[in-house]
Amino acid sequence: MRHDELVERRRLLEEEEIHARIDQMAAGIAKRCPDPEALVLVGIRTGGVPLAERLQRRLASRLDVHPPIGILDITLYRDDFFRGLEQPQVGPTNIGFPLGDRFVVLVDDVLFTGRTVRAAIDALMDFGRPRRVLLAVLVDRGGRELPIAADVVGQRVEASNDETVEVRLVETAEEDAVVVMGERAR
Amino acid sequence: MVRSKSRRKLASQDRRGGSEPPGDDLSKLGDPRHLLGLDGMRRAEIEEILDSAFAFKEVLDRPIKKVPTLRGKMVINLFFEPSTRTRTSFEIAGKLLSADVINFSASASALEKGETLLDTALNLQAMRPDVLVVRSASSGVPHMLARRLECAIVSAGDGWHEHPTQALLDAMSLRERWGSLDGRTVAIVGDIARSRVAGSNIRCLTSLGARVRVCGPRTMIPRNVESLGKVTIHHRIAEALEAADAVMMLRIQKERSSEPIYPSDREYSRLFGLNTMNVELLEKDALILHPGPMNRGIEIEPAVADGPRSIILDQVENGVALRMAVLCRAARSVGASLEAPA
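Listed below in structure tokens is the structure:
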């Protein structure tokens, strides 16, 4: 399925709503973390990174919590590394602090099959033994293929398996929006 | 197997949109299974390998220096010529990727009992490796094996011809410092004719947009050197070093020639060695490279090799990351033919 064949089917969240959801997510993270000093955010490349940065700013400005932020590329841990004809591009990982005994919040934009999160948990463990790992996602669209659940969810949405839920943030796109993409009707 | 091969070929042609230069059977253009040399490799493909090598470098700094990517894949290092650094580098790269790495060196093998090189390779293939890393004293051995075997072949140097991973790690080390090689001037000094490092580097550096000067005695400059890439030829080291951004000193390789190729070490060192005097001719922040092992005091003065401009040990470190990128690319291409595209 090539991405450029997809067209926008419906819009789920606009800018204001995304801001509100991220505020709620930041509050949810703070509530679940008993020790703010131990809190760290780890964004899963690429969609989780700008979201983690926004959460970091919200936690600082509204709740006076200042977690450091790390970037995790999960390509080398993917379970489909040997499938498909395109060479996967390995991106940079940057976790500049030890994870041992930290309270780690994994951040991603969309939770779907759970395979990315499985890979991310495996990757995290190679950086140390966190005290606890939470999963925070802006959108949970269902469709899990592994027993994985998010702890902090901005918005739950319904989408069928042939649709793609796209989170657009101005850091990497032209607008703030969550949209459902699908193939053009023939 | 034949069917899956042709399917892959079709698919890769599709992706390239048929804009590839005319087929060169030796380098197997566009077949990502093999890395036989850099001859004919497109700049975009070189850049892609370097990009992923930089990502792999981060793995070396982790508390647990291992990723599961090549779990269950087998890499055989088949070395028909002695090598410590390159073999170790490939071995570490394979192990950091969780591949099973087996070293097979000719001196300890049946070759001494009279087996041919191809028979040795066919026997190893029967043990089902996914990637065969090959080093040989004869040019063209990796290409011959690529035609005859099913597994992916990665050249670790063949004769006087090419040493692709060395050139790629050199380019990586330069890009790490400069960001881009475009418009930079790099001098390569030494026995250009007998050096596979020079062969691959001329192709790689010119392809990445650098200006290349080659320098050595007339007997050490091959007649066809310009066919490898756009270079200028110099027979005086001062000329080659003048305002260059980097210099790559080649090892004098006495083992590659049965006859003496120059009158004496002292004379070679005086005329073509890099020393604390002529190093001043380079640009102020110029970089000094050497593929190793060094002949200290012959082609390079110890004070220069150990000096602040030297990135010789960066080259070694980058070599592991670069070879991780190369092994992943090779092993993945083998696997991709066995499983249906997602």
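As you go down the protein sequences, you meet chains A and B in turn. Each residue of the first sequence is one higher than the one before, counting from 1 in this note's numbering. Each residue of the second sequence is one higher than the one before, counting from 187 in this note's numbering. Heads up, the beta-carbon is just placed ideally off N, CA and C, and yes, glycines get one too. Predicted model only: the values in this text are computed from it and were never measured.
| Asked | Found |
| --- | --- |
| According to DSSP, which residues form a beta bridge with B:L264? | B:F290, B:V320 |
| Reducing DSSP to helix, strand and coil, say where B:D211 ends up. | At B:D211, the pLDDT of 46 sits below 50, so the modelled position is not reliable and the matter cannot be decided from this model. |
| Just to confirm, are B:D555 and B:G395 a CB contact at a threshold of 7 Å? | Summary: the structure shown does not reach residue 555 of chain B, with chain B confined to residues 187 through 528, and so no result is reported for it. |
| Against chain A, which members of the segment 225-254 of chain B pass a CB distance test of less than 8 Å? | E234, D237, S238, F240, A241, F242, E244, V245, R248, P249, I250, K252, V253, P254 |
| Quick one: is B:H329 buried, meaning 16 or more other Cβ sit within 10 Å of its Cβ, or exposed? | buried |
| Is the Cβ-Cβ distance between B:L256 and B:S341 less than 7 Å? | no |
| Using the beta-carbon count (16 or more within 10 Å), is B:S238 buried or exposed? | buried |
| Going by CA-CA distance only, name the one from A:A119, A:E171, A:V157 that's closest to A:R11. | A:V157 |
| Kindly give me the distance between the Cβ atoms of A:G47 and A:V167, rounded to whole angstroms, as I take these residues to be in contact under 8 Å. | 6 Å |
| Ordered along the chain, which non-local residues of its own chain (more than five positions away) have a Cβ less than 7 Å from that of B:Y448? | P403, Y454 |
| Got a sec? Which residues, its chain only, sit under 6 Å from B:R397 by beta carbon, not counting five neighbours each side? | T371 |
| Taking the continuous alpha helix (DSSP H) assigned at A:G48, which residues delimit it? | 48-63 |
| Start and end of the beta strand (DSSP E) containing A:V170? | Counting along the chain, A:V170 falls outside any beta strand (DSSP E), and DSSP gives it neither H nor E. |
| Nearest by alpha-carbon distance to B:R380: which of B:D471, B:D225, B:V411, B:S293 is it? | B:V411 |
| Under 9 Å Cβ-Cβ, which residues of chain B neighbour A:G128? | P249, I250 |
| Residues in its own chain within less than 6 Å of A:R78 by CB, not counting five upstream and five downstream? | A119 |
| Name the one or two DSSP bridge partners that B:I419 has. | B:V400 |
| Is the CB of A:P92 under 7 Å away from at least one CB in chain B? | yes |
| Quick one: which chain A residues come within Cβ less than 8 Å of B:R515? | Q87 |
| If you measure from the beta carbon of A:F112 to each beta carbon in chain B, is any gap under 7 Å? | no |
| Please list, in chain order, all residues of the same chain as B:A528 whose beta carbon is under 8 Å from its beta carbon, the five residues on each side excluded. | Because the pLDDT at B:A528 is just 38, under 50, the model does not fix this residue reliably, and the value given afterwards should be weighed accordingly. Closer than 8 Å at Cβ, skipping near neighbours: no residue. |
| For the alpha helix (DSSP H) holding A:R156, just list the boundary residues, first then last. | Unbroken run through A:R156 is the beta strand (DSSP E), 152-156; no alpha helix (DSSP H). |
| Tell me whether A:D73 is buried or exposed, calling it buried when 16 or more other Cβ atoms sit within 10 Å of its Cβ. | buried |
| Taking A:F97 as the query, report the chain B residues whose CB atoms sit under 8 Å from its CB, ordered along the chain. | What A:F97 touches in chain B: nothing, since even the nearest Cβ is about 11 Å away. |
| In terms of alpha-carbon separation, which member of B:E466, B:M480, B:I498 lies closest to B:I438? | B:M480 |
| Could you give the C-beta distance for B:L414 and B:G385, rounded to a whole number, given that I count them as a contact under 8 Å? | 6 Å |
| In whole angstroms, what separates the C-alpha of A:C33 from that of B:P494? | 48 Å |
| Report the rounded CA-to-CA distance for B:M313 versus A:P92, giving the unit in angstroms. | 35 Å |
| Specify whether the segment 42-62 of chain A and the segment 105-115 of chain A touch according to this definition: at least 3 beta carbon pairs, one from each stretch, less than 8 Å apart. | yes |
| Using C-beta distances below 6 Å, list every residue in its chain close to B:D431, excluding the 5 sequence neighbours before and after it, in chain order. | R370, T371, E469, A472 |
| Check each candidate in B:G326, B:M406, B:P218, B:L304 and name the one with the smallest Cα separation from B:P552. | The structure shown has nothing for residue 552 of chain B, since chain B only spans 187 to 528. |
| I want to verify the contact list: residues of chain A whose CB lies under 9 Å from the CB of B:P218, in sequence order. | Q87 |
| Mind listing the chain A neighbours of B:R509? Cutoff is C-beta to C-beta under 8 Å, in chain order. | Here the premise fails: no neighbours, minimum Cβ distance about 14 Å. |
| If you compare alpha carbons, which of B:F266, B:A285, B:A279, B:E233 is closest to B:L304? | B:F266 |
| A:P68: which of A:T75, A:F82, A:A150, A:E37 sits nearest, CA to CA? | A:E37 |
| Just to confirm before moving on: does the CB-CB distance between A:D162 and A:A150 stay below 7 Å? | no |
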